[in-house]
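S.K.:
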Amino acid sequence: MSKVEVNDTVKSLLEEVNASFPGEVRIGFGEEQAGFVRHDQAQQFVEEGKMLIKVNDITAPNYTASHELIHMLMILKGFPQLYFQLSTGEKDTDNQLMFLITELYDVIAHEVVVKEQRRHYLIDDEVEEAFFKGIEDAVEAEDAGKVDGFSTIRLIMMMDAITFYGNGLANFETRLVDAFPTTYQAAKKLCKNLTNGPSVIRLISVEK
Numbered sequence: 058m059s060k061v062e063v064n065d066t067v068k069s070l071l072e073e074v075n076a077s078f079p080g081e082v083r084i085g086f087g088e089e090q091a092g093f094v095r096h097d098q099a100q101q102f103v104e105e106g107k108m109l110i111k112v113n114d115i116t117a118p119n120y121t122a123s124h125e126l127i128h129m130l131m132i133l134k135g136f137p138q139l140y141f142q143l144s145t146g147e148k149d150t151d152n153q154l155m156f157l158i159t160e161l162y163d164v165i166a167h168e169v170v171v172k173e174q175r176r177h178y179l180i181d182d183e184v185e186e187a188f189f190k191g192i193e194d195a196v197e198a199e200d201a202g203k204v205d206g207f208s209t210i211r212l213i214m215m216m217d218a219i220t221f222y223g224n225g226l227a228n229f230e231t232r233l234v235d236a237f238p239t240t241y242q243a244a245k246k247l248c249k250n251l252t253n254g255p256s257v258i259r260l261i262s263v264e265k
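Here is the structure:
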């Protein structure tokens, strides 16, 4: 693992997590540096009451580490978790459904996570650009609005992008529309409905 010195904000978040977690939480860093950020660049490992948050990519280590820590804080403070207790009887179908439901759950949770990261100045222009590059790396642009095997994940990623960019969405909207015209408009409508409807995220805050 590479040696990365996180900033004081991330150190404070780690201390807050350790104050509530029934064990020890540590952060470790890999050596990859892809030039983009995505939420799959970190993993959690548990062993004998200890948890390691492994940040595999160090393009934006403070951003990625804080993202994982805030997710943990939300759970420790009572943010609803997902439980999968039903089955279709088909393992592949179950796995696909669990993946999609988890991704949608994360879109909702990210409204809180991103708000906290911005409040702590953990998202800057470089991180915003790296986030867009992460989208480009994950999925190809639409083919004239045709439905394909990536249509659903594009929709979820556009919803996540709208949440992530927030008030700064206008700075990236043209590029998002150019690459994902149909999906982006559908995502905007869904996000508007989520924002206007009742939401558990208004009841839970990770602020001290």
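So the sequence shown is residues 58 to 265, counted in the working numbering.
We put the CB at the ideal spot given by N, CA and C, even for glycine.
For Val63 versus Asn113, is the C-beta spacing smaller than 8 Å?
M.R.: For Val63 and Asn113, no; Cβs fall outside 8 Å.
S.K.: For Glu125, which residues in the same chain have their Cβ closer than 6 Å to its Cβ, ignoring the five residues on either side in sequence?
M.R.: So the qualifying residues of the chain are Ala99 and Ile110.
S.K.: Mind checking which residues open and close the beta strand (DSSP E) that includes Gln101?
M.R.: Where Gln101 is concerned, the enclosing beta strand (DSSP E) stretches over Ala99 to Glu104.
S.K.: Three or more C-beta pairs closer than 8 Å, one from the region 173-189 and one from the region 144-152: is that the case here?
M.R.: Contact between the region 173-189 and the region 144-152 is absent, because fewer than three Cβ pairs lie under 8 Å.
S.K.: Within 10 angstroms of the Cβ of Leu260, are there 16 or more other Cβ atoms? Answer buried if so, exposed if not.
M.R.: Any reading at Leu260 needs caution, since the residue's pLDDT is 38, under 50, leaving its predicted position unreliable; the model's value is listed next. Its Cβ having fewer than 16 others within 10 Å, Leu260 is exposed.
S.K.: Measure how close the beta-carbons of Met129 and Ala166 come, nearest whole angstrom, since I'm counting them as under 8 Å.
M.R.: With a Cβ gap of about 11 Å, Met129 and Ala166 do not count as contacting.
S.K.: Report all residues from its chain with a CB closer than 6 Å to the CB of Tyr222; omit the five preceding and five following residues, and keep chain order.
M.R.: Excluding positions up to five away in sequence, the list reads Phe229.
S.K.: If you measure between the beta carbons of Glu93 and Thr121, is that distance less than 8 Å?
M.R.: Residue 93 is actually Phe in this sequence, not Glu. Contact flag unset, no.
S.K.: Helix or strand or just coil, what does DSSP make of Val270?
M.R.: For residue 270 there is no data in the structure shown, the boundaries of the chain being 58 and 265.
S.K.: How long is the line joining the alpha carbons of Val234 and Gly191, rounded to whole angstroms?
M.R.: Each residue's Cα considered, the two are about 16 Å apart.
S.K.: Suppose the cutoff is 6 Å on Cβ atoms and the five residues either side in sequence are ignored; what does the same chain contact list for Phe207 look like?
M.R.: Only Val196 meet the Cβ criterion.
S.K.: Roughly how many whole angstroms lie between the Cα atoms of Leu247 and Asn152?
M.R.: Looking at the two C-alpha atoms, the distance is approximately 24 Å.
S.K.: State the CB to CB distance for the pair Ile213 and Glu160, rounded to an integer number of angstroms; the pair is presumed to be in contact (CB under 8 Å).
M.R.: Rounded, the Cβ-Cβ distance is 5 Å, consistent with contact.
S.K.: So the alpha helix (DSSP H) Val112 belongs to, where does it begin and stop?
M.R.: Not the alpha helix (DSSP H): Val112 falls in the beta strand (DSSP E), residues Lys107 to Asp114.
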